[in-house]
Amino acid sequence: MSGRSEKVVPLAVKIVVSGGLGVGKTTFIGAISEIEPLDTEAAITQVSVGVDSLVGVESKTTTTVALDFGRITLDPSIALYLFGTPGQDRFSFLWDDLVEGALGTVVLADTRRIEDCFPAVDYFESHGAPFALAVNRFDGAERFELEEVREALGLGAEVPVLECDARDRGSVRDVLGALMDRVIGQRVGPAKRRVAVVSR
Amino acid sequence: MSAQEPRDPGEDMSEDMSEDTSFVRPFIITGGRAEPLQTDLRLETLVMAVGAPDESLAFERRHIVTVCAQPTTVAEVAHRVGVPLGVARVLISDLVVAGQLACRQPAELPLQLLERIRDHVRAL
């Protein structure tokens, strides 16, 4: 690529935040982004009632119909971008674009509608892309043991499964940290990865 | 990828553009094209102006070069210029080919950089 030598340009890296509709992706990004998540949020219109199932997430009044993303300046030379995948299945064709070049993905899950994260889990598994599963805590949602969630989703031992509160910056940070461990583990290689997982 | 193409125009585009006073269909802006000349532009690819906007540039293209006075990601360009991502990609790739913009996209990151990113994230 040209331009490398012309100016000192920070490195831009990205992490994708995925999961079903209304699971808290925009909240998750907003909790840690230094900018208001830039997005195209629009109130769900009459058109999408019945198209976008909101059973179990009735209090959600807006949904992301296009791109939304946040930015974190890690140091003067590295900017981390968080991109949310559109929640609706009908926008899944955008995923290839979002995922290309990503460090890894956080798949958010809601235990009231655990099946909503199946498409995301399938997608990232089939692409061999590193991901971490974060179970977002919703008030009134039944709590499950994380190992139950892992089992229900058929996730291997190498996939980090954590509980999180998408509203809480520290919680989001911990999820991203776990994901980075997984990204590095996958890079280092299968043999060393097993050791790394066991030692954690 | 023509990311914006399969959208239902009646629904989403009108929402995207609802704050604009003058509504211009995206395919007008790109001259009817949906595929960028340069296909490796990612959402987070940083683009920057090589110099001041060329006098021959108009409308969105000029706006993009102005926005890119500072290195800016493709996604941010789309947001700030107020065009759908697919449109921004076509315009940016045109401008890169025309020598108005330069872009930088890292190859695979070295392990030590990944570790640095992780350490920074943990320290947030």
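Protein chains in written order, with this note's numbering: chain G, 515 to 714; chain P, 5 to 128.
We put the CB at the ideal spot given by N, CA and C, even for glycine.
Along chain P, in chain order, which residues have C-beta atoms closer than 9 angstroms to that of residue i?
i, result
"G/G699", "By Cβ distance, chain P contributes nothing, its closest Cβ being about 10 angstroms from G/G699, past 9 angstroms."
"G/I586", "H124, V125, L128"
"G/L676", "Result: empty, since nearest Cβ-Cβ is about 14 angstroms, beyond 9 angstroms."
Rounded to the nearest angstrom, how far is the Cβ of residue i from that of residue j, given a contact under 8 angstroms?
i, j, result
"P/V94", "P/R29", "14 angstroms between Cβ atoms; not a contact."
"G/Y595", "P/E119", "No, G/Y595 and P/E119 are not in contact; Cβ-Cβ is about 19 angstroms, not under 8 angstroms."
"G/D647", "G/L669", "Here residue 647 of chain G turns out to be Leu, not Asp, going by the sequence shown. Indeed, because the Cβ distance is near 6 angstroms, the residues count as touching under 8 angstroms."
"P/Q104", "P/V71", "Contact doesn't hold; Cβ gap of about 12 angstroms is too wide."
"G/D582", "G/P551", "5 angstroms"
"P/D98", "P/L41", "6 angstroms"
Within 10 Å of its beta-carbon, does residue i have 16 or more other beta-carbons around it, so buried, or fewer, so exposed?
i, result
"G/L727", "With chain G covering 515 to 714 only, the question about residue 727 of chain G has no answer from this structure."
"P/I96", "buried"
"P/V101", "exposed"
"G/A526", "buried"
"G/Q560", "Because the pLDDT at G/Q560 is just 35, under 50, the model does not fix this residue reliably, and the point stays unresolved."
"P/E59", "exposed"
"G/P590", "exposed"
"P/L45", "buried"
"G/R657", "exposed"
"G/P703", "It is worth fixing the name first, because residue 703 of chain G is Gly in this sequence and not Pro. Burial call: exposed."
Check whether the Cβ atoms of residue i and residue j lie closer than 8 angstroms to each other.
i, j, result
"G/G618", "G/V697", "yes"
"G/V635", "G/L667", "yes"
"G/L622", "G/F542", "yes"
"G/A545", "G/D682", "yes"
"G/G699", "G/E672", "yes"
"P/V78", "P/E64", "no"
"P/H124", "G/I549", "no"
"G/V686", "G/F597", "no"
"P/A53", "P/A82", "no"
"G/D679", "G/G534", "no"
"G/V663", "G/F645", "no"
"G/S532", "G/I586", "no"
In chain G, which residues lie with their C-beta within 7 angstroms of the C-beta of residue i?
i, result
"P/R46", "E614, G615"
"P/I96", "The contacting residues do not exist; P/I96 stays about 13 angstroms from chain G at best."
In chain G, which residues lie less than 9 angstroms from residue i when you measure between Cβ atoms?
i, result
"P/P40", "Result: empty, since nearest Cβ-Cβ is about 12 angstroms, beyond 9 angstroms."
Find the residues of chain B that neighbour residue i, judging by a C-beta separation of less than 9 angstroms, and give them in chain order.
i, result
"P/E119", "Among the chains of the structure shown, chain B does not appear; the protein chains present are G and P."
Against residue i, what residues of chain P qualify as contacts under a CB-to-CB distance less than 8 angstroms, listed in chain order?
i, result
"G/R687", "V125, R126, L128"
List the residues of chain G that residue i touches, going by C-beta distances under 8 angstroms, in chain order.
i, result
"P/L115", "I698, R701, V702"
Taking the runs of the alpha helix (DSSP H) that are 4 residues or longer, which of them lie wholly in the region 632 to 663 of chain G?
The alpha helix (DSSP H) runs of length 4 or more contained entirely in the region 632 to 663 of chain G are, from start to end of the chain, 632 to 640.
Ordered list of alpha helix (DSSP H) runs contained in the region 40 to 70 of chain P, each at least 4 residues:
Runs of the alpha helix (DSSP H) inside the region 40 to 70 of chain P: none found.
Residue ranges of each beta strand (DSSP E) run of no fewer than 3 residues wholly in the region 89 to 117 of chain P, ordered along the chain?
Counting whole runs of 3 or more residues, the region 89 to 117 of chain P contains the beta strand (DSSP E) stretches 105 to 108.
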